[in-house]
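Q:
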Amino acid sequence: GVTVQGREDDRKPTRFESCVIWLIRQLIPPHADNENAAAFLYHATKKSKEAFPEWVAVRPSDLLDGDVGEYTVHPQSLKGPFGDVPTTRANVAHFMTRLLTEDSLWGQWK
435 GVTVQGREDD RKPTRFESCV IWLIRQLIPP HADNENAAAF LYHATKKSKE AFPEWVAVRP
495 SDLLDGDVGE YTVHPQSLKG PFGDVPTTRA NVAHFMTRLL TEDSLWGQWK
């Protein structure tokens, strides 16, 4: 799980978590690219007076293979970046589909 940028109630990562995230950024370039893209969108849309497309980043916790089942959605990680509540890839896809088809849900999370 990952917190929503700009929220005052963001949990501060521990020193260990920060070190591991730094290491991941160094060793896995796509991870850093994804973070940079999300940060760019966040800051560009926040500062600009021009119309930008609405967007949301769905950042699942620990992923498992499996069918759609019950799941909960949270604005930030429950337990930090490691060892969070696992969910299935099918649940993530189901939630993303609901974001596209349910205006009230989109309005809540955009």
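Just so you know, we're using the numbering used here here: the sequence shown kicks off at 435 and counts up by one.
Built from N, CA and C at the ideal position, the CB exists for glycine as well.
Keep in mind that this is a model prediction, so the values were computed, not measured.
Among G541, V502 and S511, whose alpha-carbon lies nearest the alpha-carbon of H528?
A: Residue V502 is the option with its Cα nearest to H528.
Q: Relative to the alpha-carbon of A524, which residue among L534, L497 and K544 has its alpha-carbon at the smallest distance?
A: It is L497 whose Cα lies nearest to the Cα of A524.
Q: Considering just the uninterrupted stretch of the alpha helix (DSSP H) at W489, what are its terminal residues?
A: Note, W489: premise wrong, no alpha helix (DSSP H); not H, not E.
Q: By how many angstroms is the C-alpha of A485 removed from the C-alpha of S495?
A: Taking the straight line from one Cα to the other gives about 31 Å.
Q: Measuring only the C-alpha atoms, how far is A491 from A472?
A: Their backbone Cα atoms lie some 8 Å apart in a straight line.
Q: So H477 is in the alpha helix (DSSP H); what residue range does that whole segment cover?
A: Looking at the DSSP string, the run of the alpha helix (DSSP H) that includes H477 is P463 to K481.
Q: Applying the 10 Å Cβ sphere with the 16-neighbour rule, what's the burial state of T521?
A: So T521 ends up on the buried side.
Q: Assuming contact is defined by CB atoms lying nearer than 9 Å, are W540 and E488 in contact in what I supplied?
A: Going by C-beta atoms, W540 is nearer than 9 Å to E488.
Q: Is P520 a contact residue of the ligand SAH, with contact defined as CB to any heavy atom under 8 Å?
A: Ligands in the displayed structure: none, and consequently the ligand SAH is not present.
Q: DSSP state of L512, grouped into three classes?
A: The answer is coil: DSSP assigns L512 none of H, G, I, E or B.
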